[in-house]
Amino acid sequence: MHLPSSLSSLSCLLLLLISTASAAIVRYDLDIGYIQNVNADGHFARRVIGVNGKWPPPKLIANYNDTLVINVRNSLDVPTALHSHGMFFNKTNYFDGAAGVTQCGIPPGSNFTYEIPLQQWGTYWYHAHVRGQYLDGFRGALIINPPPTAQLAKYDHEYTLILHDWYHDEYDTVMKDYGGIFNVRGVEPPPNSGIVHIMNGTDYVPKMTFIPNKTYRIRVINMAGFPMFTMGIGGHEMEVIEVDGVDTEPKTASNIEIGVAQRYSVLVKAKNATDMNYNVAIKMDDSMFALIPPTLNLNLTALIEYSPTAPTSDAPPPSTEVLDDLTIAPLVKEASVAPDVSHDLNVFLGVLDDGINHGQFNNNTYVAPLTPTMLSALTTGQDATNPAIYGKQTNAIVLEHNKMIQLVVNNDDGGSHPFHLHGHRFQIVYRSEQRYDPTQPIPDQPNPIRRDTVQIPAFGSAVIRFRSDNPGVWLFHCHIQWHMEVGLVATLIEAPLEMQKTITPPSYVGSQCAALGKPISGNAAGKQGLDLTGAPDGPHNLSGKFETKGIIALIGTIVSAVLGMSVVVWFAKE
């Protein structure tokens, strides 16, 4: 945990003593199960994945230095897992919740207890990390309060705004079409609706009530599976004070962009009159959609009410300017440091030899190994430093301990992507709408933005840096769920020999793998050394010759083109 540089040694000691004295064990029991006939958007009732028989799921709240204990009961008919997004999991990599990576998944009818010592604070969220279960409803807010002595922005009250997309069909149904051989262009399915939830404490409420001249903190979380949102408040400026759990110097903004999985906290000063109510204006980024259904409402609102009898103003935000997050400065200053090692990750989505559109890093698509990668790192001795043992399809990068790591991400795709790194926050030292040019040095920066999810523009690039001081296996992936599902994932194996000294999973990690028929030791295939017989191998890039699936894919392309033109013509006539 980093403390503000202005704190004296005495203040640091006081903070430590107070936070230690106030530490508590905060327990939540979450029973994950199906709920029938939920009409989430007011247009269509469907089965959802809820928590404790309710949907939407509860907000989890704890304090800095507490231990957050989440006991998950899987009442689904398929495995599940819970990821607390943005948590570091120092020495507890096995509680990261990434199925196939740090655990096998919780079998139906079983429990898994996640114990998270909280050495950070801010705005986070939790969600399923098995296939697209969070798109079916398994997602909620997670708020960690700072210690009372932390020198942070003051406010009178807070609300939480949860933004997400919504599909009328369940994830598996939609995925069959998106991941099928007739969608060779990889057109992502647009949602049927966008939804805004307002939370006051732990309660879902229909509006935010403002009292004149009070200051309000609004925590904003994008829990969508696909779109980015832009948000502004009619007639009010915002002041950004937090990004992805990082406290920031106050930064005035009329509008902010929130990519999938990103979070912001903004302060809003209430007006001194009650004669008007105002809308928070929230717009889904339609540039991400190849096709916009005529029934999809891109513009959403959340009401700020000064008086129940007042009319609602149609005033827009103070300006149309959208804040560039690279101009935000963290409150705790950290200068950029030249990297010890740099890795290039080139992003591409295209058809492979199975006739299906896949996401790729460096011409390789991710497929989960038989043995969870963390267990491979813990059980293969010195071989754990060899990326080959983790399997061809894991996009494994082995990192030495305590080095400054640089990732250069070139997005060679026509859509923007939100990339998330588990187990870390990173500095964004460069971002562009063009490919990164390695011949142009990146200048030293006194205090670049730090966050855990970066939005990279279409055909653009970003360079991020972090220190490999958290031994574990951490995913780096696109947080658009459709892209993650088709393989836009890399695996960072951080200091595997240190992992073997410091990480001891609880016994139920192994027993649940056994219950699911998964190996708990050895390489990606559950074998020793480089014998990877049985581990995933492919799909691969097309060889250039047409085989059966390739011919089907070509036909699919032609059919898709004809249907696409038909839709365009149909819309033009309307």
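Take the sequence shown: its letters are residues -23 to -1, 1 to 551, numbered as in mature numbering (1 follows the signal peptide of the UniProt record, and there is no 0).
Beta carbons: idealized from backbone N, C-alpha and C, even for Gly.
- Taken atom to atom, the span from the alpha-carbon of I198 to that of Q239 is near 6 angstroms.
- The segment 386 to 431 is shown to contain whole beta strand (DSSP E) runs of 3 or more residues at 394 to 398 and 403 to 409, in chain order.
- A distance below 6 angstroms between beta-carbons, with the five flanking residues on each side excluded, links A105 to the following residues of its chain, in chain order: T57, Y111 and F115.
- Across the structure, Y407 and D221 are spaced so that their CA atoms are roughly 18 angstroms apart.
- Counting every other CB atom within 10 Å of its CB across the protein chains shown gives T510 a total below 16, marking it as exposed.
- Here G117 really is in contact with V28; their C-beta atoms are around 7 angstroms apart, less than 8 angstroms.
- Take A230, set aside five residues on each side of it, and the residues of its chain with a beta-carbon closer than 6 angstroms to its own are M215, V217 and L300, in chain order.
- Across the structure, Y101 and A292 are spaced so that their CA atoms are roughly 31 angstroms apart.
- If one requires a minimum length of 3 residues, the beta strand (DSSP E) runs lying completely within the segment 210 to 288 are 215 to 220, 223 to 230, 232 to 235, 240 to 246, 255 to 261 and 276 to 282, in chain order.
- Within the same chain, N323, F325 and N518 come within 8 angstroms of N340 by CB-CB distance, once the 5 residues on both sides are set aside.
- DSSP places G487 within a helical segment (H, G or I) once states are collapsed to three.
- A check of alpha carbon separations from K495 across T479, P483, A512 and L507 identifies A512 as the nearest.
- The Cβ-Cβ distance between V386 and S438 falls below 8 angstroms.
- Secondary structure of G358 (DSSP, three-state): helix.
- Burial state of K153 is exposed, judged by a 10 Å Cβ sphere holding fewer than 16 other Cβ atoms.
- Nearest in C-alpha terms to I382, of all of T371, L347, R442 and G400, is R442.
- A Cβ-Cβ distance of about 18 angstroms is found for the pair N177 and M208, leaving them out of contact under the 8 angstroms criterion.
- Here the segment 422 to 429 does not lie against the segment 84 to 93, with fewer than 3 beta-carbon pairs under 8 angstroms apart.
- Between the alpha carbons of L268 and G163 lies a distance of about 12 angstroms.
- DSSP, reduced to helix, strand and coil, places E377 outside both helices and strands of the structure shown, so it counts as coil.
- Pairing R427 with R444 gives a Cβ-Cβ distance that is not under 8 angstroms.
- The beta-carbon separation of H378 and A472, rounded to 4 angstroms, stays under the 8 angstroms limit for a contact.
- In the displayed model, M461 falls within a helix according to three-state DSSP.
- The beta carbon of P183 sits closer than 8 angstroms to those of I175 and L280, all from its chain and outside the five residues before and after it, given in chain order.
- When only Cα atoms are considered, W32 and I93 end up about 24 angstroms apart.
- With respect to the 8 angstroms criterion, V486 and T468 are not classified as neighbours on the basis of their beta carbons.
- With a 10 Å radius around the Cβ and a threshold of 16 neighbouring Cβ atoms, D113 comes out buried.
- Per the C-alpha coordinates, the member of L355, V440 and Y103 positioned closest to V49 is Y103.
- Counting every other CB atom within 10 Å of its CB across the protein chains shown gives S484 a total below 16, marking it as exposed.
- Counting only unbroken stretches of 4 or more residues, the alpha helix (DSSP H) elements lying wholly within the segment 125 to 167 are 148 to 155, in sequence order.
- Nearest to E165 by C-alpha distance, out of I480, Q489, E462 and V466, is E462.
- In the structure shown, the three-state DSSP call for I366 is helix.
- Counting C-beta atoms within 10 angstroms of its own C-beta, R194 has 16 or more neighbours from the protein chains shown and is therefore classed as buried.
- The DSSP assignment places complete beta strand (DSSP E) segments of no fewer than 3 residues inside the segment 27 to 91 at 37 to 40, 44 to 51 and 59 to 62, in order along the chain.
- If you draw a 10 Å sphere on the C-beta of V318, you find fewer than 16 other C-beta atoms in it, and that means exposed.
- Counting along the chain, E471 sits inside the beta strand (DSSP E) bounded by residues V466 to E471.
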